[in-house]
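Beneath this line is the structure, given in structure tokens, with notes to follow.
And the structure:
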């Protein structure tokens with residue numbers, strides 16, 4: 001059983017959905033459960049996993065701690081005879097952990113990252129780390145995450161498993177002109193893209209001033225995503241006079257179609273673990289501009305598989321974009337090298353195989 005608690009669809013949800021899809025292809029009987037937080041359950045992950053799950057269901061959850069959630073989850077675990085529960089956030093780990101005495105299932109939890117820019121998020125992060133003691137295995141998607149978990153769990157119960165994507169879905173475009181026309185993109189201009197949640201750690205407030213520089217007047221930007229920072233991002237675009245060159249697309253399911261219309265991709269984050277969107281863009285053979293955070297330095301080698309700069313530095317972002325957009329042939333060659341790296345090292349099939357091995361190890365602990 002994969003279980004999530006989410007009202008949106010971002011990197012962790014995309015990883016869980018693709019993991020579920022690949023596990024089913026490997027012959028695993030997969031259930032999917034999502035905590036329906038005050039009626040704000042996430043439909044997108046059900047759509048992605050689709051009929052590959054043996055069963056998919058929502059678990060009611062009206063507040064942070066809801067006894068009805070425990071009862072509903074306990075019933076499903078017994079009814080479906082679940083062998084392994086795989087949780088993806090502190091709330092699902094908390095509920096599954098409370099039910100450990102009432103079942104024989106093994107508990108595996110994946111830790112994607114912890115955000116700490118508000119007091120509430122710092123409290124949730126502390127809870128999440130302490131709950132790791134309940135797991136049979138704790139998995140970090142990046143080495144900084146694993147290092148932090150070392151403070152809470154024994155090394156023999158820790159693993160690092162890289163995120164992976166479907167490299168057959170995210171392919172280099174065969175018809176860039178058609179893809180650009182479909183999105184109304186001017187083929188005579190260099191079009192940069194950002195895909196992700198609009199939240200402070202994604203660093204758009206550093207990218208937009210870089211884009212406003214006169215040296216990048218030939219570059220347009222497509223922003224696909226939604227989130228708490230949308231109003232602030234729109235205000236910053238207006239303040240910098242970038243409305244003619246920056247388009248807000250909102251949340252989009254068809255990210256592969258967006259990548260196909262781009263000449264380059266930017267992820268200017270100040271905090272990341274193992275960003276799925278970066279893998280997706282690289283798999284589409286796009287030249288990427290990113291920051292040296294989390295596991296990104298393993299993914300992108302500067303000037304070989306992309307451009308990598310320090311986080312929070314508009315000047316460095318500007319210089320890298322000038323170089324990328326001024327050398328289209330060299331940029332395309334770097335994009336092809338990025339695709340080769342993702343195919344060789346970061347496929348979702350390989351990720352699923354590693355998780356399946358871990359599930360078997362957890363079951364052997366009985």
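Numbering (our numbering), first residue to last: 1 to 366. Don't be surprised by glycine CBs; every beta carbon is placed ideally from N, CA and C. All values reported here derive from a predicted model rather than from experimental measurement.
My understanding is that residue i touches residue j, with C-beta atoms under 8 Å, so please give their C-beta distance in whole angstroms.
i           : j           : result
residue 153 : residue 126 : At roughly 15 Å, the Cβ-Cβ gap does not stay under 8 Å, so residue 153 and residue 126 are not in contact.
residue 427 : residue 110 : For residue 427 there is no data in the structure shown, the boundaries of the chain being 1 and 366.
residue 83  : residue 356 : Contact flag wrong, Cβ pair sits at about 12 Å.
residue 6   : residue 53  : Rounded, the Cβ-Cβ distance is 16 Å, inconsistent with contact.
residue 179 : residue 173 : 5 Å
residue 263 : residue 192 : 7 Å
residue 334 : residue 304 : 7 Å
residue 271 : residue 115 : 7 Å
residue 70  : residue 97  : Actually they do not touch by this definition, with Cβ atoms about 11 Å apart.
residue 289 : residue 306 : 7 Å
residue 16  : residue 59  : The pair is not a contact, with the Cβ atoms about 15 Å apart (cut-off 8 Å).
residue 56  : residue 32  : 4 Å
residue 106 : residue 365 : 7 Å
residue 22  : residue 352 : 4 Å
residue 331 : residue 287 : 4 Å
residue 214 : residue 240 : That belief does not hold up - the Cβ atoms of residue 214 and residue 240 are roughly 12 Å apart, past 8 Å.
Looking only at DSSP bridge pairs, what is residue i linked to?
i           : result
residue 302 : 306
residue 86  : 2, 108
residue 222 : 193, 247
residue 160 : 140
residue 265 : 193, 288
residue 34  : 4, 58
residue 165 : 347
Please state if the CB of residue j and the CB of residue i are separated by a distance shorter than 8 Å.
i           : j           : result
residue 256 : residue 349 : no
residue 216 : residue 322 : yes
residue 2   : residue 20  : yes
residue 112 : residue 11  : yes
residue 325 : residue 308 : no
residue 18  : residue 175 : no
residue 163 : residue 141 : yes
residue 294 : residue 320 : no
residue 200 : residue 117 : yes
residue 108 : residue 90  : no
residue 171 : residue 92  : no
residue 299 : residue 317 : no
residue 203 : residue 226 : no
residue 189 : residue 218 : yes
residue 296 : residue 275 : yes
residue 61  : residue 43  : no
What is the DSSP secondary structure of residue i, reduced to helix, strand or coil?
i           : result
residue 371 : The question about residue 371 has no answer, for the chain in this structure spans 1 to 366.
residue 60  : strand
residue 185 : coil
residue 123 : helix
residue 73  : helix
residue 130 : helix
residue 79  : helix
residue 368 : Since the displayed the chain opens at 1 and closes at 366, residue 368 lies outside it and no answer follows.
residue 95  : helix
residue 332 : helix
residue 28  : coil
residue 215 : helix
residue 147 : helix
residue 277 : helix
residue 117 : coil
residue 177 : helix
residue 356 : helix
residue 365 : coil
residue 102 : helix
residue 228 : coil
Check whether the stretch 329 to 349 touches the stretch 281 to 288, taking contact to mean three or more Cβ pairs, one atom from each stretch, closer than 8 Å.
yes
Using a Cβ distance threshold of 8 Å, determine whether the stretch 180 to 198 contacts the stretch 263 to 276, with at least three qualifying pairs required.
yes
Quick test of the definition: if touching needs 3 or more C-beta pairs under 8 Å, does the stretch 144 to 158 touch the stretch 200 to 217?
no
When you compare the stretch 218 to 226 with the stretch 182 to 191, are there three or more beta-carbon pairs, one atom per stretch, that lie closer than 8 Å?
yes
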